[in-house]
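Worksheet: one structure, shown below.
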Amino acid sequence: MEKAQIFPKKCPVCKTETNFVHNVFESKIDENAIWYYCPCGITFQSEFPSHSVYDSEYVKTYKEMKEGKARQEYASRLYAPIIEETTYGRMMLDVGFTISTTMDYFEKRGWIVWGIDCNKDIIGKGNIYQGDFVTYDFQPHIDKTTLEAAIGKDAEVKRTFDLIWMSHVLSHFNDPIAALEKAIDLLSYSGMIYISVPDIDFICKTGVPGYPHWNKREHYTLWTKRALVNVLEKLGMEIILSRRNFSSRFHTWYDVQILAQKKYF
Amino acid sequence: MEIQLIHMVRKVKSMKNKTALIIRYGAYGDMVMITPVIKRLKELGYKVILNTSKRGMEILQHDTNIDKMIPYNDESVPIDKLNEHWKKVKEKIKPDWFCNFTESIECNVALHPIQPMYIYPKEERYERCNRNYYDVTEEWAGLEGCDKIPSLYFTKTEKEDAKYILKDGKINILWAMSGSGRQKVYPWVDYVMGELFLKYKEKIHIITIGDEKCQLLESLIDRNITNLSGKITMRMSMCLTGLVDLVISPDTGVLHASGCYETPKIALLGHTTGENITKYFKNAYPIEANCACAPCFRLIYDHGIQCPVEPVTKAAWCMAEGISPEIVFNKIDEVIQMRCLDGKSSNIPKEMSSV
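Those protein sequence lines, which keep their order, are chains A and B. Using this note's numbering, the letters of the first sequence map in sequence onto residues -12 to 252. Using this note's numbering, the letters of the second sequence map in sequence onto residues 451 to 805.
Rendered as structure tokens:
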């Protein structure tokens, strides 16, 4: 490995400089990565991930996962009743869905489902967007004159979602705060957000080499439960449920799962 | 045969002076739905007494099967005192047969937000709620042999007044703009009407009806469109369903009223199904919303909160996205071709129950 000078870096979440550094070797890809640890609870890479892996092979991996459908569906089966109890509307957006298992499940329960993924090889039917969630414009584009004639001058036309599902996507964003802000902006007044992210606190259990979520080509940030709760609360969300998961009944584990709702009264 | 006849006469005699008390407060459609039960009770020889709200009084007046109506003022009894009130009414009448239809449809096969099943997955709601309302009403009453289509009674004057709205020599289409809630608004009425006029030009006459709020939806003005929302009574709207050549309606009292007649009817169904409403109606063409949330079988009080909403029209998703204007236009076109252009139906009053 080439020797490189390591400088302190600003945490992408709390913006404080840190110089706690892990040098992690990923044997699967035979590459090293520099990960910074910030006391706010975030661990982040020294550079943005290449995101070069999102292609048909990536989709195939998910499709061919052992007990894939059942495991990918498990979180939705578990949390859908809580979500349905907590919010009224039934419009759902799955961010970074890769395959449509979660959307299919919610659709069956009576939800109108939408999905967005940056993978150029995503497939699916219905309301599927291909693009970057943070910059994608979800709003309907209607000629202003037509709109004013139809529904009056001050009428607001805004597409909102009652549930935004972000299963293992937050850690992929180069600007996770922008992604969260975008999600919250897209939520309806009582909308909910489901987030699951790799939980870096599990290295206490697995040790650094055994932690399964070092993934320099995909992950920019790794979270702790407290960091995610803290950020969501700062952004005006109420935490309905937060838990650390080590069960492989879910499609991924050693992660944190959070259900949060917009504060509406 | 004779013995059977004697037996029947004895039975009818024994029923004489027996009283049946029905309690039903609710929307217009709910009132229409109980008419088969009322009719059946009369057939069985009961003196039928109905305790009902203003809507019921309006819709069921002149019903020859009802001997007496006891009015109920919606505001006179607080909801938590209703049980007591019903008990008093029952004690006063001392009926031989009694049925309270409160929650026979609502909370039974149309789910109220206070019910846990309201948020159950669609499949489970479908299993419980996809039942015909007339079957459910009969079952609730515990009677057998009820008709599965409703019946309404109008006076000659009412019919004459209603006929006055029709246009001679044209295909008269009655279009109900909305029902009891905004979730029943079909937002693409203008588009479909526009297409219809392009195709049929002077051949059709459209009468739009609804409450006063529906006037907002009556944006098309033409000499062959008669916009009557908020201008005529519900009775007259219902009377028209037996006189026009085609009725188009979401799940409303008007749709149920059209079930009394053979008039072709196109039902625009969002939260309910054809099984629920039009299963037994003659010449019914239900269009069920094709989207994930429909049919939800839910009672919607504020669709802006309870439903997914289409952001531009602000209409409920099932009506805006689940029923495309093309489908509605094609169905109307098909029905006009099949039923109205046969040279005999246009403007010829059909058989109507009259007083």
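Glycine residues also receive a C-beta, built at the ideal position from the N, C-alpha and C atoms.
Rounded Cβ spacing between B/ILE698 and B/ILE777 (contact assumed at less than 8 Å) = B/ILE698 to B/ILE777, Cβ: 12 Å. No contact.
Kindly indicate which residue of B/LEU602, B/TRP638, B/GLU493, B/VAL704 has the alpha-carbon position closest to the one of B/ILE659.
-> B/VAL704
Going by DSSP, which residues form a beta bridge with B/THR658?
-> B/TRP625, B/ASN677
One or two residues paired with A/ASP104 in a DSSP bridge = A/GLN117
Under a three-way DSSP split, which group does A/SER235 fall into?
-> coil
What are the uninterrupted segments assigned as beta strand (DSSP E) that are 3 or more residues long and contained completely in the stretch 684 to 740 of chain B, given in chain order?
-> 696 to 700, 715 to 719, 734 to 738
Is it a yes or a no for the stretch 84 to 94 of chain A touching the stretch 49 to 57 of chain A, going by three-plus beta-carbon pairs under 8 Å?
-> yes
Could you tell me which chain B residues have their CB closer than 7 Å to the CB of A/MET78, listed as they occur along the chain?
-> PRO758
Nearest-angstrom Cβ-Cβ length linking B/MET481 and B/ILE516, presumed shorter than 8 Å = Going by Cβ atoms, the distance from B/MET481 to B/ILE516 rounds to 11 Å, so no, they are not a contact pair.
Tell me whether the beta-carbon of A/SER156 lies closer than 9 Å to the beta-carbon of A/PHE189.
-> In the sequence as presented, Ser is not what sits at residue 156 of chain A; that position holds Val. Against a cut-off of 9 Å, the Cβ pair of A/PHE189 and A/VAL156 comes out as no contact.
What residues in the stretch 83 to 110 of chain A bring their beta carbon closer than 9 Å to a beta carbon of chain C?
-> Any reference to chain C falls outside this structure, whose protein chains are A and B.
Pairwise C-alpha distance: B/GLY619 and B/LEU670 | 22 Å
How many whole angstroms separate the CB atoms of A/HIS159 and A/HIS206, which I take to be in contact at a CB cut-off of 8 Å?
-> 6 Å
Looking only at its own chain, which residues have a Cβ that is under 6 Å from the Cβ of B/LYS598, when we skip the five neighbours before and after it?
-> TYR584, TYR730
Runs of alpha helix (DSSP H) lying entirely within the stretch 532 to 610 of chain B, each at least 4 residues, in chain order | 532 to 543, 572 to 579, 583 to 591
By the 10 Å Cβ neighbour count, where 16 or more other Cβ atoms means buried, how is A/ILE253 classified, buried or exposed?
-> A question about residue 253 of chain A goes unanswered here, because the residues of chain A that appear run from -12 up to 252.
Proximal residues of chain A, C-beta to C-beta of B/CYS741 below 7 Å = ILE99
Measure the CB-CB distance between A/MET79 and A/ASP124 and report whether it falls below 9 Å.
-> no
Buried/exposed call for B/ASP695, threshold 16 Cβ in 10 Å = buried
Counting contacts by CB-CB distance shorter than 9 Å, is B/ILE569 in contact with chain A?
-> yes
Return the bridge partner residues of A/MET153 from the DSSP annotation.
-> A/ILE182
Examine chain A for any beta-carbon lying closer than 9 Å to the beta-carbon of B/PRO761, and answer yes or no.
-> yes
By DSSP, does A/MET52 sit in helix, in strand, or in coil?
-> coil
For the beta strand (DSSP E) that contains B/ARG474, what are its first and last residues?
-> 469 to 474
What did DSSP end up calling B/GLU493 once you bin it into helix, strand or coil?
-> helix
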